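Visitor:
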Amino acid sequence: MIRLIVTDMDGTLLHDDKSMPDGTFALIDALHARGIHFAAASGRQYASLRDNFKEHATYMHFIAENGAVSADGATDTILRTHPLPLDKAIELIRIARSLPDTFVVACGAQAAYYESDSPILERNLAAYYHRRMLVKDLTALNEELVKLAILNIHGTQEFVHPHFAPYKEQFSIAVSAFEWMDIMMPNVHKGIGVRDLQQRLGVSRDETMAFGDFMNDYELLQEAAYSFAMKNAIPAIKEVATYETAFTNEEDGVIKEIRRWLQI
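The numbers in the working numbering rise by one with no breaks, and the one at position 33 of the sequence shown is 117.
Laid out in structure tokens, this is it:
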């Protein structure tokens, strides 16, 4: 019996233009009526995720910032955070600053901060960080930070990730999309967010269904017996998942798979 469904957002639930598939909200309502928990797991901040689902967020849980933040939509409260040591965050910010065409977003549990007014950064921030603030100096922040998101439109795997190799044992460093890389505390990923929810809700791995498409979904899929790689997923995700969706994200693959399995 499925009691918890967790889905990634970009490249998984959402269309490529970031739009929500038709029927998503009706499906969330139907799942809630059956007592099935629905959660969104994303590199996006909690405020953005909540906005994405509007009033239906009250029927949901959220794993935000790639696992660094967990939240309960019903009460609109942060359940758990995994903050970075502030001195280390400053050190990492300074490294990213030194790289060409690279921008840093410092993520708190409730808001994101950035120090460049570049149109490139602003275009890429809009979808992921609805609650954000331009500041003069990120290293002067005196706030708990749960994640550093680093943007390079030429590709973070090639142009950013190698510069942080000396820190791979100290932090969780994940290329979350072609142009984004996230830095969090070690062993923080979407999978830990799923385990937190399972424990809180009294749900087992065998009662969990999950969907993903990219490497930041790897641990997420490992925490669900019913794990689905999207038809459009990268090969490594298809290898770790138990199943593959019959349709891509552009074809509403998550919605169709849930309806097929649960006969909703």
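Built from N, CA and C at the ideal position, the CB exists for glycine as well.
All figures in this text were calculated on a predicted structure; none of them were measured in a lab.
#1: For Phe295, list the residues DSSP reports as bridge partners.
#2: Which same chain residues end up closer than 6 angstroms to Ala141 when comparing Cβ atoms and leaving out the 5 residues on each side of it in sequence?
#3: Using a 10 Å radius around the Cβ and a threshold of 16 neighbouring Cβ atoms, would you call Leu222 buried or exposed?
#4: Is Arg215 helix, strand or coil by DSSP?
#5: Compare the C-beta of Phe248 against all C-beta atoms of chain B and say whether one is closer than 9 angstroms.
#6: Looking at the unbroken alpha helix (DSSP H) that takes in Asp135, where does it start and where does it end?
#7: Would you list, in sequence order, the uninterrupted beta strand (DSSP E) runs of no fewer than 3 residues that lie entirely inside the stretch 221-267?
#8: In this structure, does DSSP put Leu176 in helix, strand or coil?
#9: By alpha-carbon positions, which one of Ser154, Asp160 and Cys191 ends up nearest to Leu168?
#10: In this structure, what does DSSP give as the bridge partners for Asp156?
#11: Who are the near neighbours of Thr161 in its chain, counting only those whose CB is closer than 7 angstroms to its CB and skipping five residues on each side?
Guide: Taking the structure as given:
#1: Thr91 and Phe312
#2: Arg134 and Gly157
#3: buried
#4: coil
#5: Protein chain content of the structure displayed is limited to a single chain, and chain B is not contained in it.
#6: Tyr130 to Phe137
#7: 231-235 and 256-261
#8: helix
#9: Cys191
#10: His145 and Thr161
#11: Ala155
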